[in-house]
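Under the working numbering, the first residue of the first sequence is numbered 5, with each subsequent residue one higher.
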Amino acid sequence: MKKIKLPSNRIIIGSTETRFGWLSFTVTPKGLKECRFMFGTKKLAEEAIVSSLDIKEPLTDDPLSVPWSELFRSYFEGKIKSFDKVPVDSDGWSDFQKKVYNTVKSIPYGKTASYGAVASFLGNEKASRAVGNALKNNPVAPVIPCHRVISSDKDLCGFSASGGIELKLKMLELEKDNS
DNA sequence: AAAACTGCGGCAG
DNA sequence: CTGCCGCAGTTTT
């Protein structure tokens with residue numbers, strides 16, 4: 005992902021259509037702030053992302069959003085297998101959330117890990133539940149691939165994005181087919 | 001400060 | 001299989 009030059013404090017809002025519905029996102033000068041998908045229409049996607057922002061006059065169809073839209077479409081078409089270079093704005097995240105974020109980001113494309121495994125990696129094998137709690141609030145799926153974290157008995161557990169478990173399963177299948 | 005949540009996990013019935 | 005409890009971190013009273 006090439007660096008995007010931004011006027012300071014500028015927030016990019018964008019949306020695009022993917023095989024998993026309309027996707028919308030926001031980007032701050034620090035990186036990707038929020039990303040949601042599985043909306044039925046462009047309008048719904050934009051409303052959802054804007055309502056979480058506290059902005060009066062959002063600029064839609066921002067030209068600066070175009071490379072980001074392409075990035076997400078590429079992932080959902082199976083053409084991109086890594087978001088490693090994508091900057092993420094983690095302001096407001098707790099230390100624990102950041103640690104979980106970093107660990108989950110290192111799970112390879114097409115692979116999975118259990119909540120307990122992530123917790124162990126962070127030094128406390130009993131924090132599995134807290135890991136799930138943190139991932140539930142992941143605002144930048146699929147850049148932080150929370151869909152790759154499953155329960156120890158190989159069930160999928162939950163998925164907070166609209167689309168739920170079904171979506172999680174489909175995303176894992178997408179990666180499996182392309183890996 | 002306490003209680004009430006969770007995308008867990010393990011171990012009983 | 002289901003149910004139950006302990007767990008750590010976050011959110012809500």
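Note that beta-carbon positions come from the ideal geometry of N, C-alpha and C, so glycine has one too.
(message) Given a cut-off of 8 angstroms on the beta-carbon distance, is the pair residue 150 and residue 92 in contact?
(response) Mapped onto the first sequence, residue 150 falls at position 146. Mapped onto the first sequence, residue 92 falls at position 88. Cβ distance not < 8 angstroms, so residue 150 and residue 92 don't count as in contact.
(message) Within a Cβ cutoff of 7 angstroms, which residues of the same chain sit near residue 144, ignoring the five residues on either side of it in sequence?
(response) In the first sequence, counting from the first residue as 1, residue 144 sits at position 140. The answer, listed in chain order, is 36, 38, 39, 92.
(message) For residue 229 and residue 14, what's the separation of their Cα atoms in angstroms?
(response) Because the chain is modelled from 5 through 183, residue 229 falls outside the range shown and cannot be assessed.
(request) Find out if the Cβ-Cβ distance for the pair residue 87, residue 22 is shorter than 8 angstroms. (result) Start at 1 with the first residue of the first sequence, and residue 87 comes out as number 83. Start at 1 with the first residue of the first sequence, and residue 22 comes out as number 18. Cβ distance not < 8 angstroms, so residue 87 and residue 22 don't count as in contact.
(message) Using a 10 Å radius around the Cβ and a threshold of 16 neighbouring Cβ atoms, would you call residue 139 buried or exposed?
(response) Position 135 of the first sequence holds residue 139. Under this definition residue 139 is a buried residue.
(request) Return the Cβ separation of residue 164 and residue 120 in integer angstroms, given the expectation that the two are a contact with Cβ distance under 8 angstroms. (result) Taking the first sequence and counting its residues from 1, one reaches residue 164 at position 160. Taking the first sequence and counting its residues from 1, one reaches residue 120 at position 116. Not really, about 19 angstroms apart at Cβ, beyond 8 angstroms.
(request) Compare the Cα-Cα distances from residue 65 to each of 57, 178, 46 and report the closest residue. (result) What you label residue 65 is simply residue 61 of the first sequence in a count that begins at 1. Checked all of 57, 178, 46; the closest Cα to residue 65 is 46.
(message) Given a cut-off of 8 angstroms on the beta-carbon distance, is the pair residue 68 and residue 16 in contact?
(response) Start at 1 with the first residue of the first sequence, and residue 68 comes out as number 64. Start at 1 with the first residue of the first sequence, and residue 16 comes out as number 12. Yes, the pair counts as a contact, with Cβ atoms nearer than the cut-off.
(message) Quick check on the DSSP output: the alpha helix (DSSP H) that includes residue 115 runs from which residue to which?
(response) Taking the first sequence and counting its residues from 1, the one referred to as residue 115 is at position 111. Neither: residue 115 is in no alpha helix (DSSP H) and is coded neither H nor E.
(message) Quick check on this structure: which residue in 19, 128, 44 has the alpha carbon closest to the alpha carbon of residue 77?
(response) If you number the first sequence from 1, residue 77 lands on position 73. Selected option, being the one with the closest Cα: 19.
(message) On the DSSP letters alone, give me the boundaries of the beta strand (DSSP E) that residue 19 sits inside.
(response) Numbered from its first residue, the first sequence carries residue 19 at position 15. Where residue 19 is concerned, the enclosing beta strand (DSSP E) stretches over 16-22.
(request) Note down the Cα distance separating residue 116 from residue 181, rounded to an integer number of angstroms. (result) Taking the first residue of the first sequence as position 1, residue 116 is located at position 112. Taking the first residue of the first sequence as position 1, residue 181 is located at position 177. Each residue's Cα considered, the two are about 14 angstroms apart.
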